[in-house]
Amino acid sequence: MSHALTPEPLAATPGAPLRGRLRPPGDKSISHRAMILGLLSQGRTRVEGLLEGDDVLRTAAAARALGATVERLGEGRWTVDGVGIGGLTDPADVLDFGNAGTGSRLMMGVVGGQPVTATFDGDASLRSRPMRRILDPLSRMGTQVLSEAEGGRVPLTLRGPREAIPITYETPAASAQIKSAVLLAGLNAPGITTVIEAAATRDHTERMLRLFGAEVRVEPHGPGGHGRSVALTGQPTLRGTDVVVPADPSSAAFPLVAALIIPGSDVTIEGVMMNPLRTGLITTLLEMGASIERLNEREEGGETVADLRVRASRLTGVDVPAERAPAMIDEYPILAVAASFAEGTTRMNGLHELRVKESDRLAAVAAGLSENGIPHRIEGDDLVVEGDGTAPRGGGTVATHLDHRIAMSFLVLGLASREAVRIDDGAMIATSFPSFLPTMRALGGRIGA
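When the letters of the sequence shown are read in order and numbered with UniProt numbering, they come out as residues 1 to 449.
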């Protein structure tokens, strides 16, 4: 299965202000779903701006293994000729998802609802991540788990039913991956599959299902309407369509925060998705006093996008409510870096989901902060960072634990701290932001081996 890449230690050194324009890579969430729904559609899906990181390429390979014809036409330009719901074929080999947690979990939903058998595996990081939260609802829908590693982890083998059983499922945690897996399995169910979530999570699956022709109803649910009830009518005919992938707000977060914390910086980030269920970091940074202007708002790929002009800012600590977590779950590591430059206390509440990401991100962030002399503490599932409004010491070497967001976050720290910051490995950055190093260097960032 996936072998670890040769470690690539990197160091970021403080230097000149960042200046210039950039367009981050295509959104990873949209890219995964474009490949998956292309597989399940009849006809051709054309994708522009696909993120060509390792995670998405693994999903593309899995779609091909399950019967789709997947071709690359040029940079970011792909076509998928699908097989339709019920038309998947058993893959000839193991589906190796590398480090791709989203791709593997969503594709488990696909396989779990179709009459095929497939084995899932990945790298050491993916093998450590819990899959039981996906397998439990799929089992209720008729999926057989033929084999699994201890604790419901990969490698595992699934066999889907001839038709999935439509269910109503209340998610135990705020997770778009759980919701999406159940909805994707429900595509082959003769009836209504409903997912109820106490807090609304990113809604790309619902939006894209509609784009491909499915009937999806979304209604507020629970006290204050903060939750969602998502009902999918099963066994639609999905039609291949054109998908323009907007720039990934999670990738944009790294140059955005770097521009805020490096004095004199002025950076414009183009075409960033402004889906309100993905902009929790921007909301939080604005509350902290960040200078972020939204320019040229427009529609791309069914999503609102905008160019963001970001200028160096004096930040103040804030209290980040737990209910915001689903809208910024991947951005807490880089927010912790921003908080270390802010004046006062920043409390990030309700971060349980960080413990089951590519690494235990809560522990990894705390260890990285310690290495660089940044006062902080963990209180239950909350992370508290103390800043005095000046640049922290830096000078540490951070263990990334095969986690691309930990790697990029602490390289950003090193661009603005008093001393250089090193990471033990930057090889996995390619899973989500293959052009991160040349992009940051082009803006003026000093990152090297």
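Every residue gets a Cβ at the ideal spot worked out from N, C-alpha and C, and that includes glycine. Predicted model, so just to flag it, every value in this text is computed and none were measured.
Cβ contact (3+ pairs, closer than 8 Å) linking the segment 116-125 and the segment 162-176: no
_Measuring straight from C-alpha to C-alpha, what distance separates H404 and M428?_
Counting from 1 along the sequence shown, the entry for residue 404 is found at position 404. Counting from 1 along the sequence shown, the entry for residue 428 is found at position 428. A straight line joining the alpha-carbon of H404 with that of M428 spans about 5 Å.
#### Entry: Candidates V272, V257 and G271: closest to S265 by CA position
As a working note, residue 265 is residue 265 in the sequence shown. For S265, the nearest C-alpha among the options comes from V257.
A124 and T59 closer than 8 Å at C-beta:
Position 124 of the sequence shown, counting from 1, holds the residue named residue 124. Position 59 of the sequence shown, counting from 1, holds the residue named residue 59. Not in contact: A124 and T59 (Cβ atoms no closer than 8 Å).
Open item on the list: Suppose the cutoff is 8 Å on Cβ atoms and the five residues either side in sequence are ignored; what does the same chain contact list for H3 look like?
Closed with: Position 3 of the sequence shown, counted from the first residue, corresponds to residue 3. Caution applies to H3, whose pLDDT of 41 falls short of 50 and renders its modelled position unreliable; the model cannot decide the point.
Margin query: Cutting at 6 Å between CB atoms, please list the residues of its own chain near D168, excluding the five before and the five after it.
Written below: One-based indexing of the sequence shown puts residue 168 at position 168. Looking at the sequence itself, residue 168 is Thr, so the reference to Asp does not match. In chain order, T194 place their CB closer than 6 Å to the CB of T168, counting only its own chain and leaving out the 5 sequence neighbours on each side.
key: Candidates L277, S291, G84 and L88: closest to G227 by CA position   = If you number the sequence shown from 1, residue 227 lands on position 227. Closest option to G227, Cα to Cα, is L277.
field: First through last residue of the alpha helix (DSSP H) which encompasses H404
entry: Along the sequence shown, read from residue 1 onward, the residue named residue 404 stands at position 404. Taken as a continuous stretch (DSSP letters only), the alpha helix (DSSP H) holding H404 covers H404 to A416.
| request: Give the C-beta separation of V412 and V398 to the nearest angstrom, bearing in mind that I take them to be a contact with Cβ-Cβ under 8 Å. | output: Residue mapping note: residue 412 aligns to position 412 of the sequence shown, counting from 1. Residue mapping note: residue 398 aligns to position 398 of the sequence shown, counting from 1. About 11 Å; that fails the 8 Å criterion.
Between the segment 29-36 and the segment 237-254, do at least 3 Cβ pairs fall closer than 8 Å? yes
Does the separation of the CB atoms of G414 and G317 fall below 8 Å?
In the sequence shown, counting from the first residue as 1, residue 414 sits at position 414. In the sequence shown, counting from the first residue as 1, residue 317 sits at position 317. In this structure, G317 does not lie closer than 8 Å to G414 by Cβ.
**Asked** Are the C-beta atoms of G396 and some chain E residue less than 8 Å apart?
**Response** In the structure shown, chain E cannot be found, because there is only a single protein chain.
Cβ-based burial, A200 [other Cβ within 10 Å; buried from 16]
What you label residue 200 is simply residue 200 of the sequence shown in a count that begins at 1. Under this definition A200 is a buried residue.
If the criterion is Cβ atoms closer than 8 Å, does the pair R207 and A176 meet it? Numbered from 1 along the sequence shown, position 207 holds the residue referred to as residue 207. Numbered from 1 along the sequence shown, position 176 holds the residue referred to as residue 176. For R207 and A176, no; Cβs fall outside 8 Å.
* To do: Could you please give the first and the last residue of the uninterrupted alpha helix (DSSP H) stretch that includes residue 475?
  => What is shown of the chain runs 1 to 449, which leaves residue 475 out entirely.
Notebook entry, point to check: From which residue to which residue does the beta strand (DSSP E) around Q144 run?
Noted result: Taking the first residue of the sequence shown as 1, we reach residue 144 at position 144. Element bounds for Q144: Q144 to A149.
Check your understanding: Quick one: any contact between the segment 299-307 and the segment 328-335, if contact means 3 or more CB pairs under 8 Å?
Key -> Not touching, per the Cβ criterion.
Would you report the Cα separation of G49 and G448, rounded to the nearest angstrom?
On the sequence shown, position 49 is the one that residue 49 refers to. On the sequence shown, position 448 is the one that residue 448 refers to. Their backbone Cα atoms lie some 28 Å apart in a straight line.
| request: Give every residue of the same chain whose Cβ lies closer than 6 Å to the Cβ of M273, excluding the five residues on either side of it in the sequence, and list them in chain order. | output: Looking up residue 273 in the sequence shown gives position 273. For M273, where only same-chain residues beyond five positions count, the Cβ hits under 6 Å are D27, P246, P249, E303 and V305.
| said: I'd like to know if the segment 101-109 and the segment 78-90 are in contact, where contact means that at least 3 CB-CB pairs between them fall below 8 Å. | reply: no
Helix, strand or coil: which one does DSSP assign to R202? Counted from its first residue, the sequence shown places residue 202 at position 202. The answer is coil: DSSP assigns R202 none of H, G, I, E or B.
In chain order, what residues of the same chain have a beta carbon less than 6 Å from the beta carbon of E219, not counting five sequence neighbours either side?
-> Here residue 219 refers to the residue found at position 219 of the sequence shown. S229.
| Looking only at its own chain, which residues have a Cβ that is under 8 Å from the Cβ of G43, when we skip the five neighbours before and after it? | Reading the sequence shown from its first residue, position 43 is the one you call residue 43. Correct list, in chain order: D81, G82, R239 and G240.
Distance, Cα to Cα, M1 vs R153?
Counting from one through the sequence shown, the residue named residue 1 turns up at place 1. Counting from one through the sequence shown, the residue named residue 153 turns up at place 153. In this predicted model, M1 has a pLDDT of only 42, less than 50, meaning its place in the structure is not dependable; the value taken from the coordinates is given anyway. So the alpha carbons of these two residues sit roughly 14 Å apart.
Whole angstroms are fine: how far does the CA of S291 sit from the CA of T13?
Translated into the one-based positions of the sequence shown, residue 13 becomes position 13. Translated into the one-based positions of the sequence shown, residue 291 becomes position 291. Answer to the nearest angstrom: the Cα atoms are 24 Å apart.
Assuming contact is defined by CB atoms lying nearer than 8 Å, are E293 and L308 in contact in what I supplied?
Reading the sequence shown from its first residue, position 293 is the one you call residue 293. Reading the sequence shown from its first residue, position 308 is the one you call residue 308. It is a contact, given that the beta carbons lie within the stated cut-off.
Note to self: Using CA atoms only, rank isn't needed, just tell me which of A342, F212 and M348 is closest to V320.
What the structure shows: Looking up residue 320 in the sequence shown gives position 320. Answer by Cα proximity: M348.
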